[in-house]
Amino acid sequence: MAALLRLAFRAALWLPAPVLDRIADSGGGAIPGRGADPRARFHAWLVTRFGAAGSPDPVMARRPCLLSLSLLEGPPLSLPEIRDLCLPGPGGPLAARLYTPDPAESCGPALIFLHFGGGVLGDLETCHTACTRLARHGGFRVLSLAYRLAPEHPFPAALEDVIAAWHWLRTHAATLGIDPGAVAIGGDSAGGCLAAAASLALLRAAEPLPKAQILIYPVLEMDREALPPGPCDQCYPLTRADMAWFARLYMRDPADAADPLCSVARAGDLSGMPPTLLVQAGHDLLFAEGAAFAARLRGAGVALDHVIHPTLPHAFSAMTGGVPAARAALTDTARRIRALLISPKESLK
1 MAALLRLAFR AALWLPAPVL DRIADSGGGA IPGRGADPRA RFHAWLVTRF GAAGSPDPVM
61 ARRPCLLSLS LLEGPPLSLP EIRDLCLPGP GGPLAARLYT PDPAESCGPA LIFLHFGGGV
121 LGDLETCHTA CTRLARHGGF RVLSLAYRLA PEHPFPAALE DVIAAWHWLR THAATLGIDP
181 GAVAIGGDSA GGCLAAAASL ALLRAAEPLP KAQILIYPVL EMDREALPPG PCDQCYPLTR
241 ADMAWFARLY MRDPADAADP LCSVARAGDL SGMPPTLLVQ AGHDLLFAEG AAFAARLRGA
301 GVALDHVIHP TLPHAFSAMT GGVPAARAAL TDTARRIRAL LISPKESLK
């Protein structure tokens, strides 16, 4: 079925945008509304109409969830050096991958990147193409981390892994060709949640902070019942029910949602957080909480570059092969990260 869907989608890319919109209009509430990118809308229609039903078992659900997004994924970009690493973690060895755009650079900027997946799905392959694009277009090294996943390893296991990777990279920065003072922590969706939580944890512990935090359509509230209904509650690829399912598996107990290191939106004071690039998709379940967080960061005096891509849906970082606007957005994100790491004052608005 996956091969058939991929073939159908690639063929449909040649159809005019109005035709794709008309097809998507028949899909009901799961399809982002008019104004969203027509290719992304058609993809949502195709998957919700013909895709395999999800499994209530989180392990069994992992493969079809990621396969549906792979229909839109583009090929990775070539880089002079990509190597797999093994980092020490609090629960055992952690797989990581280092993307190097310029091996001759002996003290350059870097990004620790954390993949999407609700804290339940994903691995180094999930964000491989995105990481090659960030490294190549941004001109900085990217360290992608395969943090532990729930439900086998619930909160705060993934956060502990991220903080361990932060300390490891700073310790080994010289041998990796990285400037330890020019390292950002970032990620998309659940990865953005972990990046913000890591910054908050380091701030609370009075430890060195990342040069910047990169939050791409981040999850900021784990208790969906605490949030009012929104226009994208039923929109593919992340519905309100999907997010509630992820949150139930990610947390040890529903009470964990009150912990700001789990739901960063619950943090009482955001002052002192690192300079922030907050990238949002206009057609996204998480849009309102991201916009509210941006306002709070500004109110706390945190330097902020807030970017909204109004036509794109959630998870657009995995859509660079089929949605040109997603490809352009990720390239823009890479360049903004570079500007933050090199000259933050000039890049912030």
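Residue numbers (the UniProt record's numbering): 1 to 349. Cβ atoms here follow ideal geometry from the backbone N, Cα and C, with glycine treated the same way.
Identify, in the order they occur along the chain, each residue of the same chain with its Cβ nearer than 6 Å to the Cβ of residue i, setting aside the five sequence neighbours on each side.
i           : result
arginine 83 : Leu98
valine 333  : Note that residue 333 is threonine in the sequence shown here, rather than valine. Once the five neighbours on either side are set aside, the close Cβ partners of threonine 333 are Val279.
alanine 198 : Val162, Ile163, Ile185
With C-beta atoms as the reference, is residue i less than 8 Å away from residue j?
i                : j                 : result
residue 354      : leucine 87        : Because the chain here runs from 1 to 349, residue 354 falls outside it and cannot be looked at.
histidine 314    : serine 189        : yes
alanine 257      : serine 263        : yes
threonine 100    : histidine 115     : no
histidine 153    : arginine 335      : no
proline 109      : leucine 341       : yes
tyrosine 250     : alanine 326       : no
leucine 111      : alanine 96        : no
phenylalanine 42 : leucine 20        : yes
glycine 119      : alanine 158       : yes
alanine 195      : glycine 187       : yes
glutamine 301    : leucine 220       : It is worth fixing the name first, because residue 301 is glycine in this sequence and not glutamine. Not closer than 8 Å, so no.
leucine 297      : leucine 304       : yes
alanine 292      : phenylalanine 316 : no
glycine 74       : threonine 320     : yes
arginine 338     : glycine 35        : no
glycine 230      : alanine 294       : no
Determine the burial state of residue i: buried for a count of at least 16 other Cβ atoms within 10 Å of its Cβ, exposed for fewer.
i             : result
cysteine 107  : exposed
arginine 10   : exposed
proline 18    : exposed
arginine 224  : buried
alanine 206   : exposed
methionine 60 : Below a pLDDT of 50, predicted positions are generally treated as unreliable, and methionine 60, at 49, falls in that range; no measurement from the model is reported.
arginine 22   : exposed
serine 144    : buried
alanine 146   : buried
Between which residues of its own chain and residue i is the CB-CB distance below 7 Å, once the five residues before and five after are set aside?
i          : result
proline 76 : His128, Thr129, Thr132
glycine 27 : Ala44, Trp45, Thr48, Arg49
Cα separation between residue i and residue j?
i              : j                 : result
residue 352    : glycine 192       : Since the first residue shown for the chain is 1 and the last is 349, residue 352 is missing from the structure and cannot be characterised.
arginine 39    : histidine 306     : 25 Å
valine 279     : leucine 215       : 6 Å
residue 373    : leucine 261       : Only positions 1 to 349 of the chain appear in the structure, and residue 373 is not among them; the question remains open.
aspartate 253  : phenylalanine 246 : 13 Å
residue 352    : histidine 167     : The structure shown has nothing for residue 352, since the chain only spans 1 to 349.
alanine 24     : histidine 283     : 15 Å
alanine 8      : glycine 117       : 25 Å
glycine 322    : aspartate 37      : 11 Å
proline 237    : alanine 267       : 27 Å
alanine 241    : arginine 248      : 11 Å
aspartate 123  : proline 218       : 17 Å
methionine 273 : leucine 202       : 9 Å
Can you tell me which of the options puts its alpha carbon nearest to the alpha carbon of residue i?
i             : options                       : result
valine 183    : Thr276, Gly299, Pro32, Asp284 : Thr276
cysteine 232  : Leu71, Leu149, Leu286, Leu340 : Leu286
glutamine 213 : Gln234, Trp14, Leu270, Gly89  : Leu270
proline 90    : Gly74, Arg148, Phe113         : Arg148
proline 180   : Glu160, Leu209, Ala244        : Leu209
alanine 318   : Ala12, Pro16, Ser68           : Ser68
alanine 328   : Phe113, Leu134, Pro16         : Leu134
By Cβ distance below 8 Å, which residues in the same chain neighbour residue i in space, the five residues on each side in sequence not counted?
i             : result
glycine 177   : Thr100, Pro103, Glu105, Ser106, Cys107, Gly108, Arg141
tryptophan 14 : none
lysine 211    : Pro109, Gly181, Ala182, Val183, Ala184, Pro274, Pro275, Leu340, Leu341, Pro344
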